[in-house]
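See structure below.
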Amino acid sequence: MKLTTRQLTLCAVLTALALALSYTENLLPLSLAVPLPGVKLGLANIVTVFALYALGPGQALLILLARCTLGAVFAGNLNALLFSLFGGLLAMGVMILLSRCPALSIYGVSIAGAAAHNCGQIAAAMLTLGNTAPLYYLPLLLAVSLLTGAVTGFAAGLLFRALGNTNLMKA
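Put into structure tokens, the structure is as follows:
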């Protein structure tokens with residue numbers, strides 16, 4: 518895939534934004550409101566959903582891979598890379614397939630991506646632990662993904678609406 522300078526620059530800016538959102542989310546005391554281990558809003562996924570619809574699957578995948586890799590390196594936690602990649606790649610694959618379905622809105626695609634992300638992370642946990650015990654936690658995570666995926670889809674929709682009045686999205 519050959520990228521123009523403009524596309525490469527936009528990918529870099531979106532990757533930096535996704536990293537900043539991910540880092541900021543780690544500072545939020547979400548565990549006080551939702552005392553469930555591993556539950557996050559997934560703010561960086563706003564960028565993933567936006568990139569999928571605005572730039573296409575190839576560039577969205579590049580942004581996702583860069584965010585996962587750099588996020589794990591910056592956090593100094595390479596074990597988190599396994600969870601991030603399993604969840605992110607499964608979510609991206611599901612969202613790419615569903616984004617091609619004209620009957621499904623950005624909200625539905627985002628919710629499905631959030632659910633797939635949780636499935637990928639449970640798979641990573643099973644691989645890490647060597648047993649199926651994490652599967653018992655999956656129904657709870659899937660229920661939460663309905664909310665987090667809807668929030669992500671809503672935010673991406675607002676972003677498209679706001680950028681519709683600019684020249685930023687024009688080729």
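The opening residue of the sequence shown carries number 518 in the working numbering; numbering runs sequentially from there.
Note that the Cβ used here is the ideal one computed from N, Cα and C, for glycine as well.
Query                                                                                                                                                                         : Result
How big is the Cα-Cα spacing for residue 564 and residue 681?                                                                                                                 : 16 Å
Ordered along the chain, which non-local residues of its own chain (more than five positions away) have a Cβ less than 8 Å from that of residue 609?                          : 565, 569, 574, 577, 578, 581, 630
With distances taken Cα to Cα, identify the nearest neighbour of residue 634 among 558, 542, 544.                                                                             : 558
Evaluate residue 603 with the Cβ neighbour count: other Cβ atoms within 10 Å of its Cβ, from every protein chain shown; 16 or more gives buried, anything less gives exposed. : buried
Do residue 560 and residue 541 come within 8 Å of each other at the CB atom, strictly closer than that value?                                                                 : yes
Keeping to the same chain, check which residues put their C-beta closer than 6 Å to that of residue 597; ignore five residues upstream and five downstream.                   : 589
For the pair the stretch 613 to 629 and the stretch 641 to 656, tell me if three or more CB-CB distances fall below 8 Å.                                                      : no
What is the DSSP secondary structure of residue 619, counted as helix, strand or coil?                                                                                        : coil
Cα separation between residue 676 and residue 523?                                                                                                                            : 19 Å
Please classify residue 632 as buried or exposed, where buried requires at least 16 neighbouring CB atoms within 10 angstroms.                                                : buried
Pick out the complete alpha helix (DSSP H) segments inside the stretch 572 to 657, 4 residues or longer, and give them in chain order.                                        : 574 to 592, 595 to 616, 623 to 646
Hey, residue 639 and residue 651: beta-carbon distance below 8 Å or not?                                                                                                      : yes
Put residue 666 into one of helix, strand or coil per three-state DSSP.                                                                                                       : helix
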